[in-house]
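Taking it in order: structure first as structure tokens, then the write-up.
Residue numbers (my numbering), protein chains in the order written: chain A, 16 to 394; chain B, 263 to 654.
In structure tokens:
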């Protein structure tokens, strides 16, 4: 048993902390990114690519630096700490990892080096309106074979960064009917293909969640990612990575919130004492600390199990169920301690509490994951 | 150095050995003698001896006193495996997980030689003599005195909530040896023969039927060689031991039997013709119990790992303590909601579900956020020692 980062991971953390502090300079900049159509700047993206982040867990033969999923989790923790905006998560985790898991050699050779260089943005279009949440069995988007092509029709929701993506991985039904576990396939769709239309949704966090409509979109059959009709297992696995990756972001965010909250409690004087000397405030901060300690170990345990190919369904679900609620609690306490000052839009608190809400619902909220835990308990 | 949540092959082999032994030898009756603090009776004493004879005790203890000199993880494996079975613990729990460690750290060579081998063999148990009527959370406010008189200390005063004392051989006693200095600098620790003349033990029965005790000292003579470590350093020794004690006492595996019980109940009970296991509300509540047990386990593993790697613990065992104790109360509440009206039926009653275990646990759980330091003191410790917030 060991609860420590490797030396390399410590270096990743340090480098990321330093770079992101400069790259995300102040609250005004975040607000600008919230309102910006794209939600990030070319300089930020280029800087991240130069640090090798996009290829952190791709093998070297695909232009990556050959790290592990744990290394990516370390990086995501720092990204959550900095609340960095942009399409990193969608490109690398939802896109790159799915290609790495399911792609043919040709698809991997084509896409992964471009992703690693920061020259290709990807996302995954999975969720739909009709209560599909994250169960691919209920996907209603269809892809019908037509000669050497497939024709895709359907509407996807909450697709992160589709508005800036070059390639959208679409999950569609290729056989069977709604409710069948099998019969779902993944397609690599060029976002410029006629019939693809992304519409930015207006969200709490100002992140770039989109509706993506596919209206008779034609793709050739060599754009199928993984096996025809067999995407269910790939999607399940990618969702596990995504849930843990999101936990890492939330963990980093909650650490930052506690840090600024505790610092404020030490310096803010009321009734002649720093408010942090009052037990009512101390106990709030202790609750933040307890929530974060738990988040740390369960996130890394889930990542460690995925990394080592161990059965991780229960611990991943446990992690997302816990961390989703922990970050929300930590952010709420932060607001309570900052009082009115944290309610102002130019304060860092809303940057974090709004993202906590988005992350809570990404890749399954706590209720969803508790149902998975219940399944695992044999209920 | 790298994240690793597994245990080594050797550790796993020991775990398997313990597990096999307990599956054969540990009965619910024995487990309840320790967990419910009913008293270490004939069966419990015999079980302690068997545990030693099977070669399962003392792996983490120094070789010179009969141990194997391995890291504390072996003792943690032992208590986790016991905990998984009806929430049992080592029969001479206070001696093995608390007192013994302080004797090793601070006791004289002679004291170690006398007590440690007996502790490893499961032969002796201690009652913890800390709390007094005027010294609960504010332990330094104790009034009991120990006055030097020739080769002895003469002790007078009253203790309360000394749980194991009615069946223990020894009393691990804190008393004031200097009343003129600050309370923290005038307390000493003693090992007292629990049956010494002048000691009166009176039972206090808790709402869940456990026995604890109030103990009166009237001119009790304790030989000077039973002073632990240095005079007037007792409070420091108590605080020094606190983190480690929390690591041994708050054992998340003890909640697994309750989780398993309520899972079985949900699978085997129907409401309106539908198994409770298919009711989303029931599933959600049980899953939350499981998530919180996962969380408790990780918090405990981390704090224990710090201990056996000699890393400075500031608030980590306190976090385990506060979380685990509050989790226990949430667990009981959720489980009782699932049992509905049947939850109030006591063991032995007609219609009692789960043999009345959850009903007992409900009564017991009021103690968890109070005993060994309240949640409020715990959070203050986390805030001040863990986060550096100022003292009020």
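Glycine residues also receive a C-beta, built at the ideal position from the N, C-alpha and C atoms.
Any chain B beta carbon closer than 8 angstroms to residue i
{"i": "residue 283(A)", "result": "no"}
{"i": "residue 382(A)", "result": "yes"}
{"i": "residue 357(A)", "result": "no"}
{"i": "residue 60(A)", "result": "no"}
{"i": "residue 66(A)", "result": "no"}
{"i": "residue 287(A)", "result": "no"}
{"i": "residue 94(A)", "result": "no"}
{"i": "residue 19(A)", "result": "yes"}
Contacting residues, own chain, Cβ-Cβ under 7 angstroms from residue i (five flanking each side not counted)
{"i": "residue 427(B)", "result": "389, 433, 456, 463, 475 and 477"}
{"i": "residue 616(B)", "result": "523 and 527"}
{"i": "residue 303(A)", "result": "273, 276, 345 and 348"}
{"i": "residue 89(A)", "result": "20, 24, 27 and 28"}
{"i": "residue 173(A)", "result": "142 and 224"}
{"i": "residue 116(A)", "result": "249, 252 and 253"}
{"i": "residue 327(A)", "result": "255, 317, 320 and 321"}
{"i": "residue 282(A)", "result": "289"}
Closest by C-alpha distance to residue i, when choosing among the options
{"i": "residue 595(B)", "options": "521(B), 563(B), 533(B) and 398(B)", "result": "521(B)"}
{"i": "residue 315(B)", "options": "375(B), 324(B) and 328(B)", "result": "328(B)"}
{"i": "residue 599(B)", "options": "263(B), 496(B) and 543(B)", "result": "543(B)"}
{"i": "residue 58(A)", "options": "51(A), 38(A) and 72(A)", "result": "38(A)"}
{"i": "residue 292(A)", "options": "641(B), 290(B), 364(B) and 368(B)", "result": "641(B)"}
{"i": "residue 339(B)", "options": "320(B), 611(B), 368(B) and 324(B)", "result": "320(B)"}
{"i": "residue 227(A)", "options": "214(A), 218(A), 239(A) and 235(A)", "result": "214(A)"}
{"i": "residue 49(A)", "options": "288(A), 216(A), 77(A) and 301(A)", "result": "216(A)"}
{"i": "residue 377(B)", "options": "431(B), 531(B) and 468(B)", "result": "431(B)"}
{"i": "residue 601(B)", "options": "533(B), 653(B) and 579(B)", "result": "533(B)"}
{"i": "residue 370(A)", "options": "331(A), 300(A) and 271(A)", "result": "271(A)"}
{"i": "residue 290(B)", "options": "324(B), 336(B), 280(B) and 351(B)", "result": "351(B)"}
{"i": "residue 347(B)", "options": "608(B), 307(B), 555(B) and 518(B)", "result": "518(B)"}
{"i": "residue 454(B)", "options": "416(B), 622(B) and 470(B)", "result": "416(B)"}
{"i": "residue 370(B)", "options": "333(B), 492(B), 634(B) and 472(B)", "result": "492(B)"}
{"i": "residue 489(B)", "options": "572(B), 436(B) and 355(B)", "result": "436(B)"}
Distance between beta carbons of residue j and residue i, contact taken as under 8 angstroms
{"i": "residue 267(A)", "j": "residue 95(A)", "result": "3 angstroms"}
{"i": "residue 223(A)", "j": "residue 54(A)", "result": "5 angstroms"}
{"i": "residue 140(A)", "j": "residue 199(A)", "result": "Actually they are not in contact, since the Cβ atoms of residue 140(A) and residue 199(A) sit about 12 angstroms apart, beyond 8 angstroms."}
{"i": "residue 447(B)", "j": "residue 494(B)", "result": "6 angstroms"}
{"i": "residue 265(B)", "j": "residue 18(A)", "result": "7 angstroms"}
{"i": "residue 267(B)", "j": "residue 318(B)", "result": "That pair is no contact at about 24 angstroms."}
{"i": "residue 149(A)", "j": "residue 383(A)", "result": "7 angstroms"}
Chain A contact for residue i (CB, 8 angstroms cutoff)
{"i": "residue 268(B)", "result": "yes"}
{"i": "residue 419(B)", "result": "no"}
{"i": "residue 342(B)", "result": "no"}
{"i": "residue 265(B)", "result": "yes"}
{"i": "residue 652(B)", "result": "yes"}
{"i": "residue 339(B)", "result": "no"}
{"i": "residue 646(B)", "result": "yes"}
{"i": "residue 525(B)", "result": "yes"}
{"i": "residue 546(B)", "result": "yes"}
{"i": "residue 504(B)", "result": "no"}
{"i": "residue 642(B)", "result": "yes"}
{"i": "residue 649(B)", "result": "yes"}
{"i": "residue 553(B)", "result": "yes"}
{"i": "residue 528(B)", "result": "yes"}
{"i": "residue 634(B)", "result": "no"}
{"i": "residue 549(B)", "result": "yes"}
Cβ neighbours of residue i in the same chain (closer than 8 angstroms, five flanking residues each side left out)
{"i": "residue 636(B)", "result": "399"}
{"i": "residue 241(A)", "result": "116, 117, 118, 200, 201 and 249"}
Residues near residue i by beta carbon distance below 6 angstroms, same chain, minus five either side
{"i": "residue 99(A)", "result": "35 and 39"}
{"i": "residue 79(A)", "result": "70, 73 and 131"}
{"i": "residue 285(B)", "result": "none"}
{"i": "residue 345(B)", "result": "513, 515 and 516"}
{"i": "residue 587(B)", "result": "630 and 631"}
{"i": "residue 413(B)", "result": "486"}
Taking a Cβ distance cut-off of 8 angstroms, strictly less, list which residues of the segment 576-609 of chain B are near chain A, in chain order. 577, 578, 581, 584 and 585
In chain order, what residues of the segment 555-569 of chain B put their CB closer than 7 angstroms to some CB of chain A? Taking 7 angstroms as the Cβ-Cβ cut-off, the segment 555-569 of chain B approaches chain A at 556, 557, 560, 561, 563, 564 and 567, given in chain order.
Chain A contacts from the segment 375-395 of chain B (Cβ-Cβ distance under 9 angstroms): none
Residues within the segment 345-357 of chain B neighbouring chain A, beta-carbon criterion of under 8 angstroms: Flagged: no residues at all.
Under 8 angstroms, CB to CB, which of the residues in the segment 290-307 of chain A have a partner in chain B? 291, 292, 293, 294, 296, 297, 298, 300, 301, 302, 304 and 305
The segment 256-272 of chain A: positions lying closer than 9 angstroms to chain B by Cβ: none
Under 8 angstroms (Cβ pairs) to chain B, residues found in the segment 35-47 of chain A: Taking 8 angstroms as the Cβ-Cβ cut-off against chain B, none of the residues of the segment 35-47 of chain A qualify.
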